[in-house]
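Scroll down for the structure; my scribbles are underneath it.
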Amino acid sequence: MSTFEWCEKTAVIKLPSSVTLETLPALLKQAKNSLSLPVQQVDFSLVQQADSAILALLLIWSKNSAPESSPSPLKIVALPNSLRGLIVLYDLESIVMIEES
């Protein structure tokens with residue numbers, strides 16, 4: 001899979017195998033509305049390569065997912081260990097809820 005896979009019914013977005021500074025422009029071009037989706041859960045199960053570019057997406061989706069009056073964390077599924085450190089480093093634990101497998 002080389003693009004985002006969106007399920008409107010469950011508000012889950014499944015990420016492709018590579019989400020990096022290099023691949024992100026092409027991904028966004030293919031899925032033009034992906035930044036405005038009301039994402040509730042992000043599935044990383046296919047991700048093999050990712051960098052800090054994914055953090056920008058998480059911030060945008062987190063803002064879209066809940067009204068400011070009642071913000072709720074974005075659920076993260078199958079987060080690679082390499083990205084857990086980035087979430088802590090950039091102090092994003094308050095916007096995401098990592099589901100342990």
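Sequential numbering from 1 applies to the sequence shown in full-length UniProt numbering. For each residue, glycine too, the CB sits at the ideal point set by N, CA and C.
Nearest by alpha-carbon distance to residue i: which of the options is it?
i           : options               : result
F44         : N33, L21 and R84      : R84
residue 113 : V47, L46 and I95      : For the chain, the structure presents residues 1 to 101; residue 113 sits outside this window and is missing.
L89         : W61, D51 and K63      : D51
N64         : V42, T23 and T20      : V42
L55         : S2, V19, A26 and E100 : V19
E22         : W6, A11 and S2        : S2
Using the Cβ count rule (16 or more neighbours within 10 Å means buried), how would you classify residue i?
i   : result
P16 : buried
K9  : exposed
K14 : buried
L57 : buried
Less than 8 Å between the beta carbons of residue i and residue j, yes or no?
i   : j   : result
M97 : P80 : no
K75 : Q40 : yes
L86 : W61 : no
V77 : E93 : no
L24 : A53 : yes
Less than 6 Å between C-beta atoms, sequence neighbours within five positions excluded: which residues of the same chain meet that for residue i?
i   : result
S34 : F4
Q30 : T3
Give every residue of the same chain whose Cβ lies closer than 7 Å to the Cβ of residue i, excluding the five residues on either side of it in the sequence, and list them in chain order.
i   : result
L46 : M1, K14, L15, P16 and S17
* **Ranges of the alpha helix (DSSP H) found wholly within the UniProt domain "MlaB-like STAS" (13 to 92), counting only runs of at least 4** => At a cut-off of 4 residues, the continuous stretches assigned as alpha helix (DSSP H) that sit fully inside the UniProt domain "MlaB-like STAS" (13 to 92) are 24 to 30, 53 to 65 and 81 to 89.
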